[in-house]
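Asker: Line by line, the protein sequences give chains U and P. Our numbering puts the first sequence at residues 1 to 170. Our numbering puts the second sequence at residues 171 to 340. Glycine included, every Cβ here is placed at the ideal spot set by N, Cα and C. Being a predicted model, the structure only gives us computed values, none of them experimental. Sending over a structure as structure tokens; questions will come in a sec.
2 protein chains.
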Amino acid sequence: MDSSDETALHQDAALSRTRLALWQKLQKSASVIEDELRRRLRRDCDSTLPRFDVMAELAAAPDGLKMSEISDRLRVSAGNVTGIVDKLAEEGLARRVAVPGDRRASRVELTEKGQGAFAVLARIYESWINEMLGNLNLDDVEGMILRLDRLVDALDTDEFGALSRKSEER
Amino acid sequence: MDSSDETALHQDAALSRTRLALWQKLQKSASVIEDELRRRLRRDCDSTLPRFDVMAELAAAPDGLKMSEISDRLRVSAGNVTGIVDKLAEEGLARRVAVPGDRRASRVELTEKGQGAFAVLARIYESWINEMLGNLNLDDVEGMILRLDRLVDALDTDEFGALSRKSEER
DNA sequence: TTTAATTGCTTTAAGTTTGAAATTTCATGC
DNA sequence: GCATGAAATTTCAAACTTAAAGCAATTAAA
Chain U
1 MDSSDETALH
11 QDAALSRTRL
21 ALWQKLQKSA
31 SVIEDELRRR
41 LRRDCDSTLP
51 RFDVMAELAA
61 APDGLKMSEI
71 SDRLRVSAGN
81 VTGIVDKLAE
91 EGLARRVAVP
101 GDRRASRVEL
111 TEKGQGAFAV
121 LARIYESWIN
131 EMLGNLNLDD
141 VEGMILRLDR
151 LVDALDTDEF
161 GALSRKSEER
Chain P
171 MDSSDETALH
181 QDAALSRTRL
191 ALWQKLQKSA
201 SVIEDELRRR
211 LRRDCDSTLP
221 RFDVMAELAA
231 APDGLKMSEI
241 SDRLRVSAGN
251 VTGIVDKLAE
261 EGLARRVAVP
271 GDRRASRVEL
281 TEKGQGAFAV
291 LARIYESWIN
301 EMLGNLNLDD
311 VEGMILRLDR
321 LVDALDTDEF
331 GALSRKSEER
């Protein structure tokens, strides 16, 4: 092994360490923000993050979504979606609609009440995010989006099982 | 309201939207990576992410940590830490040590077996991260670290309750 | 057809996580 | 001393999650 090989190895190792540090910061940021969102949703809106996430997916899908589509997009188990949708339905925020031609499946959609409730929630939610990310300026935000897009592309591509489905399906 | 006010408002609204988009990407990246780590830890190492996280904190603290310190640093409930440490202790990977002068508290530290086990885990873990973040080069990584540091600083500063404790205590 | 395989969803059991008591110990003021 | 409040953990119940099993309906094959 000559010295240029050694240098290359050393650089690889250093980059690996730096990537690890990045992951730790990414993880911490995400969990700090998520915890705070959870707390505020519970405290101020009598709701939860999983419910908000499901409603957000439904609000973005004018024709509703099948249970399996919700489960794929949010990357949570099918059984879990059943429970969340059950509760939204109990509260009159969402409903299951029969799919003509397939009696196994059902489409889930927001009720009018659900749409109204989500519209309120979404505004508050965005303002919270805007507050929490308040010290990142436009350049920062765009720079990070650029790099995260690249990261997500790689994660989707790199086989990582169940998680690539989302982009494949679109 | 004159036109310059309107422009300013519009820019604020646009920035708010962009920040929201950033958060969504951040959240997705983190959860995709986390899910994959969870899966691999279970499949290849017969372990879990919370256990790994606790061991990592302990490994980085030569004198061990109090239960409350673990709970603060990982931002999980105190009751949860009790359970995780119980299991690590059962398996001989960690132990509780009495704190002289305070019979309420106990200090948790890795056993030698625990240190050995963690050393192995940590190498594998870093290689996984290095693989998953493989398409981010040094510039990307450093650019993101820079911005995430600023974000974390703001999150710590901005009162956000329980979450600022970590940095305050150091 | 009849059979087999797949799909979409729900149910169940087991394990996590949390938030709120409950417990024990420490610290302080009186 | 003694009472009161705070601190460090643990216990406990409720909510959430997942993986696996189960069902019913659909599709494909023989």
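Is it the case that the Cβ atoms of U/M144 and P/R317 are separated by a distance below 7 Å?
Answerer: On the first sequence, residue 144 of chain U is found 144 positions in, with the first residue counted as 1. On the second sequence, residue 317 of chain P is found 147 positions in, with the first residue counted as 1. Result yes, Cβ atoms of U/M144 and P/R317 sit closer than 7 Å.
Asker: Counting only Cβ pairs nearer than 7 Å, list the residues of chain U close to P/M314.
Answerer: Taking the second sequence and counting its residues from 1, one reaches residue 314 of chain P at position 144. Those within 7 Å of P/M314 in chain U are L22, M144 and R147.
Asker: Is it buried or exposed, P/L333, if we count other Cβ atoms within 10 angstroms and call 16 or more buried?
Answerer: Within the second sequence, the letter at position 163 stands for residue 333 of chain P. Summary for P/L333: the model assigns pLDDT 38, below 50, so the residue's position carries little reliability, and this model does not support an answer.
Asker: Quick one: residues in its chain with C-beta nearer than 7 Å to the C-beta of U/L41, no 5 flanking neighbours on either side, listed in chain order?
Answerer: Translated into the one-based positions of the first sequence, residue 41 of chain U becomes position 41. Excluding positions up to five away in sequence, the list reads S47, T48, L49 and F52.
Asker: Would you mind sorting P/S241 into buried or exposed? The rule is 16 or more other CB atoms within 10 Å of its CB.
Answerer: As a first step, residue 241 of chain P must be located in the second sequence, where it is residue number 71. With 16 or more other Cβ atoms within 10 Å, it is buried.
Asker: So, P/A264 versus P/G249, is the Cβ gap smaller than 7 Å?
Answerer: Within the second sequence, the letter at position 94 stands for residue 264 of chain P. Within the second sequence, the letter at position 79 stands for residue 249 of chain P. Result no, Cβ atoms of P/A264 and P/G249 do not sit closer than 7 Å.
Asker: Can you tell me which of the three DSSP states U/D102 falls into?
Answerer: Here residue 102 of chain U is taken as the residue at index 102 of the first sequence, counted from 1. U/D102: strand per DSSP, three-state reduction.
Asker: At a Cβ cut of 8 Å, what residues of the stretch 12 to 38 of chain U count as close to chain P, listed as they run along the chain?
Answerer: Answer set for the stretch 12 to 38 of chain U: L15, S16, R17, T18, R19, L20, A21, L22, W23, K25, L26, Q27, K28, S29, A30, S31, V32, I33, E34, D35 and E36.
Asker: Measure the Cβ-Cβ separation of P/L244 and P/V278 and say whether it is below 7 Å.
Answerer: Working through the second sequence from its first residue, we reach residue 244 of chain P at position 74. Working through the second sequence from its first residue, we reach residue 278 of chain P at position 108. Cβ distance not < 7 Å, so P/L244 and P/V278 don't count as in contact.
Asker: Since I believe P/L196 is in contact with U/A60 (beta carbons under 8 Å), could you give me their beta-carbon distance rounded to a whole number of angstroms?
Answerer: Position 60 of the first sequence, counted from the first residue, corresponds to residue 60 of chain U. Position 26 of the second sequence, counted from the first residue, corresponds to residue 196 of chain P. The pair is not a contact, with the Cβ atoms about 18 Å apart (cut-off 8 Å).
Asker: Give the secondary structure of P/L280 by DSSP, where H, G and I count as helix, E and B as strand, and everything else as coil.
Answerer: Numbered from its first residue, the second sequence carries residue 280 of chain P at position 110. Strand, per DSSP.
Asker: Quick one: does U/V81 have its CB under 7 Å from some CB of chain P?
Answerer: What you label residue 81 of chain U is simply residue 81 of the first sequence in a count that begins at 1. No, no contact with chain P.
Asker: Going by the CB atoms, is the gap between P/V224 and P/M237 shorter than 7 Å?
Answerer: Position 67 of the second sequence, counting from 1, holds the residue named residue 237 of chain P. Position 54 of the second sequence, counting from 1, holds the residue named residue 224 of chain P. For P/M237 and P/V224, no; Cβs fall outside 7 Å.
Asker: Please return the same chain residues whose Cβ sits closer than 7 Å to the Cβ of P/L207, not counting the five positions on each side in sequence.
Answerer: Position 37 of the second sequence, counted from the first residue, corresponds to residue 207 of chain P. Answer for P/L207: L219 and W298, listed in chain order.
Asker: Going straight from the alpha carbon of P/V311 to that of U/L22, what length do you get?
Answerer: Translated into the one-based positions of the second sequence, residue 311 of chain P becomes position 141. Translated into the one-based positions of the first sequence, residue 22 of chain U becomes position 22. Taking the straight line joining both Cα atoms gives about 7 Å.
Asker: At a CB-CB cut-off below 7 Å, which residues of chain P make contact with U/I129?
Answerer: Along the first sequence, read from residue 1 onward, the residue named residue 129 of chain U stands at position 129. The answer, in chain order, is R189, L190 and W193.
Asker: Provide the residue(s) that pair with U/K66 in DSSP beta bridges, ordered along the chain.
Answerer: As a first step, residue 66 of chain U must be located in the first sequence, where it is residue number 66. Paired residues: U/R107.
Asker: How about P/A324: is its C-beta nearer than 7 Å to some C-beta of chain U?
Answerer: In the second sequence, the residue the question calls residue 324 of chain P occupies position 154. Yes, P/A324 lies at the interface with chain U (some Cβ there is under 7 Å from its Cβ).
Asker: Along the stretch 104 to 133 of chain U, what residues have a CB closer than 7 Å to any CB found in chain P?
Answerer: Listed in sequence order: E126, I129, N130, M132 and L133.
Asker: Any Cβ of chain P within less than 7 Å of the Cβ of U/V141?
Answerer: As a first step, residue 141 of chain U must be located in the first sequence, where it is residue number 141. It does; some Cβ of chain P falls within 7 Å.
Asker: Quick check on DSSP: helix, strand or coil for U/L163?
Answerer: Working through the first sequence from its first residue, we reach residue 163 of chain U at position 163. Annotation note: pLDDT 38 at U/L163 (below 50); position unreliable, no value reported.
Asker: In the DSSP assignment, what residue or residues form a beta bridge with P/R266?
Answerer: Working through the second sequence from its first residue, we reach residue 266 of chain P at position 96. Note: P/R266 sits in a beta bridge opposite P/V278.
Asker: Which stretch, first to last residue, makes up the alpha helix (DSSP H) that contains U/E57?
Answerer: As a first step, residue 57 of chain U must be located in the first sequence, where it is residue number 57. Residues L49 to A59.
Asker: Taking 7 Å as the threshold (C-beta atoms), are P/V202 and U/L155 in contact?
Answerer: The count along the first sequence starts at 1 and reaches residue 155 of chain U at position 155. The count along the second sequence starts at 1 and reaches residue 202 of chain P at position 32. Cβ distance < 7 Å, so U/L155 and P/V202 count as in contact.
Asker: Should P/L341 be labelled buried (16 or more other beta-carbon atoms within 10 Å of its own) or exposed?
Answerer: The displayed coordinates of chain P run from 171 to 340. Any statement about residue 341 of chain P would go beyond what the structure contains.
Asker: Are any of the Cβ atoms in chain U nearer than 7 Å to that of P/E227?
Answerer: The residue labelled residue 227 of chain P in the question sits at position 57 within the second sequence. Chain U contact via Cβ: absent.
Asker: Just to confirm my understanding: we take U/A119, look at its own chain, exclude 5 residues before and 5 after, and list those with CB closer than 6 Å. What are they?
Answerer: As a position in the first sequence, residue 119 of chain U is number 119, starting the count at 1. Around U/A119: no qualifying Cβ.
Asker: Quick check: what's the CA-CA separation for P/L291 versus P/V246?
Answerer: Counted from its first residue, the second sequence places residue 291 of chain P at position 121. Counted from its first residue, the second sequence places residue 246 of chain P at position 76. Using only the alpha carbons, I get a separation of about 21 Å.
Asker: Which first and last residues belong to the alpha helix (DSSP H) in which U/G79 is found?
Answerer: Working through the first sequence from its first residue, we reach residue 79 of chain U at position 79. That run of the alpha helix (DSSP H) goes A78 to E90.
Asker: Is DSSP giving U/G134 helix, strand or coil here?
Answerer: Within the first sequence, residue 134 of chain U is the residue found at index 134, counting from 1. U/G134: coil per DSSP, three-state reduction.
Asker: With a threshold of 7 Å between beta-carbons, can U/L254 be considered close to chain P, or not?
Answerer: Outside the displayed range of chain U (1 to 170) lies residue 254 of chain U, so it cannot be described from this structure.
Asker: In its own chain, which residues sit with a C-beta less than 8 Å from the C-beta of P/S276, not counting the 5 before and 5 after it?
Answerer: The sequence position of residue 276 of chain P within the second sequence is 106, counting from 1. Taken in chain order, the residues that qualify are K236, M237, R266, V267, A268 and V269.
Asker: Any beta carbon of chain U sitting closer than 7 Å to that of P/L219?
Answerer: Taking the second sequence and counting its residues from 1, the one referred to as residue 219 of chain P is at position 49. Answer no: the Cβ-Cβ gap between P/L219 and chain U never drops below 7 Å.
Asker: Could you list which residues in chain P have their beta carbon closer than 9 Å to that of U/R75, in chain order?
Answerer: Residue 75 of chain U sits at position 75 when you count from the first residue of the first sequence. The contacting residues are K198, S201, V202 and D205.
Asker: By the three-class DSSP mapping on this structure, what secondary structure does U/D153 have?
Answerer: In the first sequence, residue 153 of chain U corresponds to position 153, counting from 1. U/D153: helix per DSSP, three-state reduction.
Asker: Comparing C-alpha positions only, which one of P/H180, P/T177, P/L185 and P/N300 sits nearest to U/A130?
Answerer: Here the question's residue 130 of chain U lines up with position 130 in the first sequence. Note on identity: in this sequence residue 130 of chain U is Asn, with Ala being the wrong assignment. The candidate whose alpha carbon is nearest that of U/N130 is P/L185.
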